[in-house]
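In the UniProt record's numbering, the protein residues as written are 1 to 134.
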């Protein structure tokens, strides 16, 4: 019976740890650099496991571009006092982000500032991402 109890405890511990091991890679983003953009909020998705936003901005050539930015979980936003109502379509927004490695517009959020001066810092991506190979 003692062996069964020990095996059950170990099994439950492994099952509880599975979501951590299942977390996706941040290999799609260059976590060693950041870029900045300012524009208009087109869409904000408050949802698990990650929220995301779409920004209408201008690229380096001044052409309009739609940027998709993945961000932290709703819990990360809540801990910093944000609610879904704080993000309104048409609001001016500035972001600092880790760019996509494939060169497409967007990436993983590092920080943002919304109309009214409120700021959010997303340390979740940096904390989860493994160090980049040199």
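Glycine included, C-beta positions come from ideal geometry on N, C-alpha and C. Since this is a predicted model, take the numbers as computed values, not measurements.
Beta carbon of residue i nearer than 9 Å to that of residue j
i, j, result
"residue 51", "residue 77", "yes"
"residue 107", "residue 70", "yes"
"residue 112", "residue 94", "yes"
"residue 53", "residue 87", "yes"
"residue 105", "residue 34", "no"
"residue 90", "residue 41", "yes"
"residue 74", "residue 64", "no"
N-terminal and C-terminal residue of the beta strand (DSSP E) that residue i is part of
i, result
"residue 44", "35 to 45"
"residue 68", "64 to 70"
"residue 58", "52 to 58"
"residue 119", "119 to 121"
Expected contact under 8 Å - CB spacing of residue i and residue j to nearest Å
i, j, result
"residue 110", "residue 96", "4 Å"
"residue 67", "residue 36", "Not a contact, Cβ separation roughly 11 Å."
Continuous alpha helix (DSSP H) stretch holding residue i: start and end
i, result
"residue 26", "Counting along the chain, residue 26 falls outside any alpha helix (DSSP H), and DSSP gives it neither H nor E."
"residue 79", "74 to 79"
Per DSSP, the bridge partner or partners of residue i
i, result
"residue 99", "107"
"residue 61", "According to DSSP, which records beta bridges pairwise, residue 61 is partnered with nothing at all."
"residue 94", "38 and 113"
Validate contact between the stretch 44 to 62 and the stretch 25 to 34 using beta carbons, cut 8 Å, 3 pairs: no
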